[in-house]
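First comes the structure, then the notes that go with it.
Numbering (our numbering), first residue to last: 90 to 597.
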């Protein structure tokens with residue numbers, strides 16, 4: 090005989106942006122005129138669950154109990170939305186009415202949307218929610234079968250169900266089996282452009298290597314057709330795949346935005362924005378707390394092509410996220426933060442005709458025209474760029490060599506060097522920091538830069554008119570160059586090479 094507690098309790102979870110909260114769901118059934126009420130600042134998607142539950146019960150052989158059904162979802166002072174509460178509410182009703190056996194003194198976690206036929210479906214944000222509760226002490230963890238990919242990414246253990254009637258075997262027949270979940274891994278390095286295709290662009294290739302090895306922001310300027318856009322597509326291919334924690338971060342956000350269309354891939358995200366992009370597109374939607382392009386580029390690359398054509402307010406807005414590696418949304422006075430720890434990769438022409446770096450005086454622009462064109466990218470923005478490289482048109486022989494001769498992957502060799510570099514930096518800093526992301530205050534002690542090298546760097550900075558921010562960023566790049574050379578201390582030669590990649594106030 091199933092037990093009939095006055096109140097059945099379960100747990101679930103809901104999200105506001107990337108902030109998640111574990112909720113207690115209490116279901117009480119008392120004698121009286123049949124009614125159904127949900128309390129706890131719930132929106133219409135939760136309140137209208139009565140219709141879904143009633144139809145799902147009938148389809149699966151259960152009865153909607155007579156009497157007054159009250160569902161309380163806490164914390165009562167927080168607004169809640171979403172249909173993921175359907176399953177725990179249904180389970181609570183079935184426990185409280187005695188239609189399912191509720192083992193004594195157990196903690197149950199559940200989430201999922203119910204269809205009218207009783208199928209249990211996943212909802213957007215599953216990975217975020219399951220990450221939140223994966224280490225909590227629950228005796229039962231019940232989720233929809235089609236959330237198995239999200240559960241695998243979140244490293245969550247539990248049991249998936251397809252239909253509401255599956256609960257009978259779990260609770261009445263005691264067939265609960267807690268397992269881990271897996272997901273299909275996808276890595277598409279073999280389909281990417283290889284860095285060997287950048288023929289005749291040795292400085293740009295070196296710049297890309299240093300950028301990837303230290304997670305440094307990079308700007309490539311050059312003639313049309315010199316390979317700038319290609320270089321942007323190459324950068325992610327020389328970076329290591331996402332770690333398990335990084336994959337969880339990336340997929341959690343993409344699932345919020347794309348829902349079931351979100352793809353689980355260990356390839357680092359590359360978000361490409363155009364000159365027409367708005368601040369709102371970069372920032373996200375504050376009403377729905379949906380992340381924008383900056384947050385979606387987390388752990389990957391934000392690729393801005395034709396940078397001089399961007400609106401000044403967009404570039405000015407980017408300065409703070411590039412510095413702090415966070416972006417904030419404000420909704421009704423509440424602040425919601427998203428990580429945006431990415432490499433910024435900008436490309437563009439150096440002048441209106443694009444020929445400024447070409448040999449043989451091909452440029453048709455006057456000096457004043459060049460300065461006016463380049464002034465579209467402000468000095469404060471350029472100070473957030475760690476590495477700058479110009480690119481020139483390649484020769485006919487270099488063009489032919491792209492398609493003729495050895496086709497071995499050079500990107501794989503670059504990636505191995507970058508992986509070694511990241512391992513060195515992770516051992517040095519801990520907490521996943523790299524040279525381009527480590528806090529400024531600890532640079533001298535942990536980056537192992539001798540005093541004489543710092544003095545040499547300061548003399549060079551004064552000569553080249555580096556700002557204090559530019560000086561610090563040059564030190565970071567020098568540390569990455571030393572790591573590529575697998576040397577313990579930064580040398581004068583490392584500083585000299587780093588200075589070659591600095592933007593010196595103006596691009597000309």
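We put the CB at the ideal spot given by N, CA and C, even for glycine.
Just so you know, these numbers come straight off a predicted model, no measurement behind them.
Residue closest to residue i, alpha-carbon to alpha-carbon, out of the options
i, options, result
"residue 251", "219, 204, 245 and 263", "204"
"residue 550", "586, 457, 193 and 522", "586"
"residue 561", "502, 358 and 476", "476"
"residue 392", "318, 264 and 242", "318"
"residue 513", "173, 578, 207 and 293", "578"
"residue 316", "294, 325, 133 and 523", "294"
"residue 44", "300, 386 and 321", "Residue 44 cannot be examined here, being either before or after the span of the chain that is shown, 90 to 597."
"residue 242", "218, 376 and 265", "218"
"residue 326", "507, 344 and 121", "507"
"residue 390", "300, 453, 398 and 401", "300"
"residue 175", "503, 200, 268 and 452", "200"
"residue 196", "372, 159, 101 and 214", "101"
"residue 525", "303, 441 and 152", "303"
"residue 130", "114, 177, 225 and 123", "114"
"residue 511", "370, 458, 346 and 568", "568"
"residue 350", "548, 158 and 211", "211"
"residue 554", "543, 536, 592 and 377", "592"
"residue 164", "157, 148, 188 and 112", "112"
Exposure label - residue i; buried when at least 16 CB within 10 Å
i, result
"residue 313", "exposed"
"residue 360", "buried"
"residue 565", "buried"
"residue 236", "buried"
"residue 118", "buried"
"residue 469", "exposed"
"residue 91", "Below a pLDDT of 50, predicted positions are generally treated as unreliable, and residue 91, at 48, falls in that range; the measurement from the model is reported next regardless. Exposed."
"residue 583", "buried"
"residue 258", "exposed"
"residue 541", "exposed"
"residue 333", "exposed"
"residue 368", "exposed"
"residue 276", "Below a pLDDT of 50, predicted positions are generally treated as unreliable, and residue 276, at 49, falls in that range; no measurement from the model is reported."
"residue 461", "exposed"
"residue 424", "exposed"
"residue 166", "exposed"
"residue 249", "buried"
"residue 145", "buried"
"residue 597", "Legend: pLDDT at residue 597 = 49, less than 50; position of this residue unreliable, value from coordinates given subsequently. Flag for residue 597 reads exposed."
"residue 520", "exposed"
Residue i vs residue j beta-carbon contact at 8 Å
i, j, result
"residue 181", "residue 308", "no"
"residue 412", "residue 364", "no"
"residue 383", "residue 419", "no"
"residue 323", "residue 340", "no"
"residue 408", "residue 429", "no"
"residue 479", "residue 559", "no"
"residue 385", "residue 343", "yes"
"residue 563", "residue 588", "yes"
"residue 107", "residue 427", "yes"
"residue 465", "residue 397", "yes"
"residue 103", "residue 171", "yes"
"residue 446", "residue 311", "yes"
"residue 207", "residue 254", "yes"
"residue 189", "residue 256", "yes"
"residue 380", "residue 355", "no"
Local conformation of residue i per DSSP, three classes
i, result
"residue 245", "coil"
"residue 451", "coil"
"residue 482", "coil"
"residue 67", "Since the displayed the chain opens at 90 and closes at 597, residue 67 lies outside it and no answer follows."
"residue 379", "strand"
"residue 161", "strand"
"residue 428", "strand"
"residue 316", "coil"
"residue 102", "strand"
"residue 131", "strand"
"residue 329", "coil"
"residue 574", "coil"
"residue 386", "coil"
"residue 136", "helix"
"residue 306", "coil"
"residue 295", "helix"
"residue 323", "helix"
"residue 238", "helix"
"residue 124", "strand"
Min CB distance residue i to chain B below 8 Å
i, result
"residue 391", "Included in the structure is just one protein chain, with no chain B present."
Q.
Going residue by residue through the stretch 171-212, where are the continuous alpha helix (DSSP H) segments of at least 4 residues, counting only ones entirely within it?
A. 175-185
Q | Unbroken stretches of the beta strand (DSSP E), 3 residues or longer, contained in the stretch 342-372 | A | 359-362
Q) Enumerated in chain order, which unbroken segments of the alpha helix (DSSP H) with a length of 4 residues or greater are wholly contained in the stretch 494-548? A) 500-518 and 532-536
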